[in-house]
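Visitor: What follows is a single structure, and I will ask about it in a moment.
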Amino acid sequence: QEVVTIPDLGSLSSPLIDTERNLGLLLGLHASYLAMSTPLSPVEIECAKWLQSSIFSGGLQTSQIHYSYNEEKDEDHCSS
128 QEVVTIPDLG
138 SLSSPLIDTE
148 RNLGLLLGLH
158 ASYLAMSTPL
168 SPVEIECAKW
178 LQSSIFSGGL
188 QTSQIHYSYN
198 EEKDEDHCSS
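Numbering-wise, the sequence shown is residues 128 to 207 according to this note's numbering.
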C-alpha cells in the first residue's frame, strides 16, 4: 500500500513572498548603512572645534512665513 502525504499548506511559501521578504531585508540593511553616515571629511575634522561649539548646538532658526493667500481666499469665499 502506498501512502500519499499531503504537505501542510500553511508551511509552504510562494517564491514571490520569499522575494518580497528578501528584498525587504536588503532594503532595511541598505537604509541602516545610509543612516550611519559617511566618514568625516578632512574639512569636517579641521572644523570640528567650531562645529561642536554652542553656536551651532541649537540648530537653525527659520522665520515663519505668513501666507495671506489662503486668508484672502477664505474671506472671499465667506463673503459670498
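Built from N, CA and C at the ideal position, the CB exists for glycine as well. These numbers come from a predicted model, not from an experiment.
#1: Assuming L178 and E171 form a contact by the criterion Cβ under 8 Å, report the distance between their Cβ atoms to the nearest whole angstrom.
#2: Under three-state DSSP, which class holds L129?
#3: Hey, quick one: how far does the alpha helix (DSSP H) through G151 stretch, first residue to last?
Guide: This is what the structure gives:
#1: Indeed, because the Cβ distance is near 7 Å, the residues count as touching under 8 Å.
#2: Before going further, note that residue 129 is Glu rather than Leu in the sequence given. Three-state result, E129: coil.
#3: Counting along the chain, the alpha helix (DSSP H) containing G151 begins and ends at P142 to A162.
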